[in-house]
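Going by this note's numbering, the sequence shown opens with residue 2, and the numbers climb by one from there.
The beta carbon of each residue, even a glycine, is placed where N, CA and C say it ideally should be.
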Amino acid sequence: MIDVHDLSYEAAGHLLLDGVSTTAEDGAVLGIIGPNGAGKSTLLRLLYRAIEQSTGTVVVDGRDLRTCRRREIAQRMAVVPQRGEAQVPLTVRESVALGRLSRRGLRHFGDAADARVVREAIARVGLADKAERLLPELSGGEVQRVLIARAIAQQATHVLLDEPTNHLDIRHQFEVMDLVRGLGATCVIVLHDLNLAARYCDRLLLLHEGRIRAKGSPAEVLEPGLLSEVYQVRAQALRVGGRLHLLFENPADPAAAAPGPEHS
């Protein structure tokens, strides 16, 4: 479990995050949403101490993160960054194996036990046939699966993901999010796509200008009036096949003012 209490972050005289409190329950997926500049990635980076908070606390499984060493944080938390490693000339196997460093250290890194964990992680994300391929040779969706495999190999109980579906086509977005749901870990994920947030997240935290505007279930947070205000668009919520779907229009478009058909 990750407990965040009254977290604030200031940089260069600007308050980027102000009094944020939330909880990521064991085994659940917490989605962080909000417009650009809302503080989503800042909050995620605070959760694993990539940056230090100005005030407030982050408690992971009962431990204040400020009392934890970096290796201990890495043992508890795996981070799946945005697709920034696609051009690194590592093979899939080598990249995934890096997830073992926090567990085993340099003395045992790469031994038979590590090799088995890495092999199983690669197979779990469906890349066993590409284990010796270089990252630059992979598609965007495959690179994201490599990063998730590294998190699996790290054997952390919490996984933090920063926009893992960014720049992916629809099918690969679903594949990546299905993998996230199947991890069984406590997941905190920054998402721009609100329909993916509605489909895959157990709880949502909506940030705007560094503050919480709403938190709760997807049905509670993804309220059209609130979304219209925060995102400055015209929002509609539909239920199709029992699932919540959101439609958005530019309010400056005259056609957007016309009422649309009702759906159920």
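Counted within 10 angstroms of its Cβ, other Cβ atoms place residue i as buried (16 or more) or exposed
{"i": "Arg-204", "result": "buried"}
{"i": "Gly-211", "result": "buried"}
{"i": "Ser-96", "result": "buried"}
{"i": "Thr-68", "result": "exposed"}
{"i": "Thr-43", "result": "buried"}
{"i": "Glu-164", "result": "buried"}
{"i": "Gln-54", "result": "buried"}
{"i": "Asp-62", "result": "exposed"}
{"i": "Glu-263", "result": "For Glu-263, the predicted structure reports a pLDDT of 45, less than 50, and the residue's modelled location is therefore unreliable. The matter cannot be settled from this model."}
{"i": "Val-241", "result": "exposed"}
{"i": "Pro-137", "result": "exposed"}
{"i": "Thr-23", "result": "buried"}
{"i": "Asp-65", "result": "exposed"}
{"i": "Asp-19", "result": "buried"}
{"i": "Ile-52", "result": "exposed"}
{"i": "Ala-25", "result": "buried"}
{"i": "Arg-70", "result": "exposed"}
{"i": "Gly-35", "result": "buried"}
{"i": "Arg-117", "result": "exposed"}
{"i": "Arg-94", "result": "buried"}
{"i": "Ile-171", "result": "exposed"}
{"i": "Ala-13", "result": "exposed"}
Start-to-end residues for the alpha helix (DSSP H) that takes in residue i
{"i": "Arg-151", "result": "141–155"}
{"i": "Thr-58", "result": "Careful: Thr-58 lies outside any alpha helix (DSSP H), inside the beta strand (DSSP E) at 56–61."}
{"i": "His-173", "result": "171–182"}
Enclosing beta strand (DSSP E) for residue i [first to last residue]
{"i": "Ser-22", "result": "15–25"}
{"i": "Arg-101", "result": "Careful: Arg-101 lies outside any beta strand (DSSP E) and carries neither H nor E."}
{"i": "Thr-187", "result": "187–191"}
{"i": "Leu-161", "result": "159–163"}
DSSP bridge partner residues for residue i (one or two, in chain order)
{"i": "Leu-128", "result": "BP columns for Leu-128 are empty, so no partner."}
{"i": "Gln-272", "result": "With the chain represented from 2 up to 265, any question about residue 272 goes unanswered, as that position is not in the structure."}
{"i": "Val-89", "result": "Answer by DSSP bridge pairing: none, since Val-89 is not bridged."}
{"i": "Ala-75", "result": "DSSP output for Ala-75 lists no bridge partner at all."}
{"i": "Arg-204", "result": "Leu-31"}
{"i": "Ser-42", "result": "Looking at the DSSP assignment, Ser-42 forms no beta bridge with any residue, so it has no partner."}
{"i": "Glu-11", "result": "Leu-16"}
Per-residue DSSP class, three states only, for residue i
{"i": "Val-231", "result": "helix"}
{"i": "Val-81", "result": "strand"}
{"i": "Arg-214", "result": "strand"}
{"i": "Leu-223", "result": "coil"}
{"i": "Pro-262", "result": "Low confidence applies here, because Pro-262 scores a pLDDT of 48, under 50, leaving its location unreliable; read the following figure in that light. It is coil, neither helix nor strand."}
{"i": "Asp-4", "result": "strand"}
{"i": "Arg-64", "result": "strand"}
{"i": "Ala-51", "result": "coil"}
{"i": "Ala-253", "result": "coil"}
{"i": "Glu-138", "result": "helix"}
{"i": "Glu-133", "result": "coil"}
Cutoff 7 Å: residue i Cβ touching any chain D Cβ
{"i": "Glu-221", "result": "Looking at the structure shown, chain D is missing, and only one protein chain is on hand."}
Integer-rounded CB distance, given that residue j should sit under 8 Å from residue i
{"i": "Arg-151", "j": "Gly-100", "result": "4 Å"}
{"i": "Met-178", "j": "Thr-166", "result": "7 Å"}
{"i": "Ala-1", "j": "Pro-225", "result": "An answer regarding residue 1 cannot be provided, because it is not within the stretch 2 to 265 covered by the chain."}
{"i": "Val-234", "j": "Pro-252", "result": "6 Å"}
{"i": "Leu-17", "j": "Gly-40", "result": "6 Å"}
{"i": "Val-119", "j": "Ala-154", "result": "5 Å"}
{"i": "Thr-76", "j": "Arg-46", "result": "Here residue 76 is Gln; the residue named in the question, Thr, does not match the sequence. Not a contact, Cβ separation roughly 18 Å."}
{"i": "Leu-128", "j": "Pro-90", "result": "With a Cβ gap of about 17 Å, Leu-128 and Pro-90 do not count as contacting."}
{"i": "His-193", "j": "Gly-141", "result": "Rounded, the Cβ-Cβ distance is 15 Å, inconsistent with contact."}
{"i": "Leu-247", "j": "Leu-223", "result": "6 Å"}
{"i": "Asp-115", "j": "Ala-132", "result": "Wrong, their Cβ atoms sit about 14 Å apart, outside the cutoff."}
{"i": "Ile-123", "j": "Leu-162", "result": "Not really, about 18 Å apart at Cβ, beyond 8 Å."}
{"i": "Val-60", "j": "Asp-4", "result": "4 Å"}
{"i": "Pro-82", "j": "Leu-139", "result": "Actually they are not in contact, since the Cβ atoms of Pro-82 and Leu-139 sit about 16 Å apart, beyond 8 Å."}
{"i": "Val-21", "j": "Val-181", "result": "About 22 Å separates the two Cβ atoms, so there is no contact after all."}
{"i": "Leu-245", "j": "Ala-220", "result": "6 Å"}
{"i": "Thr-56", "j": "Ser-9", "result": "5 Å"}
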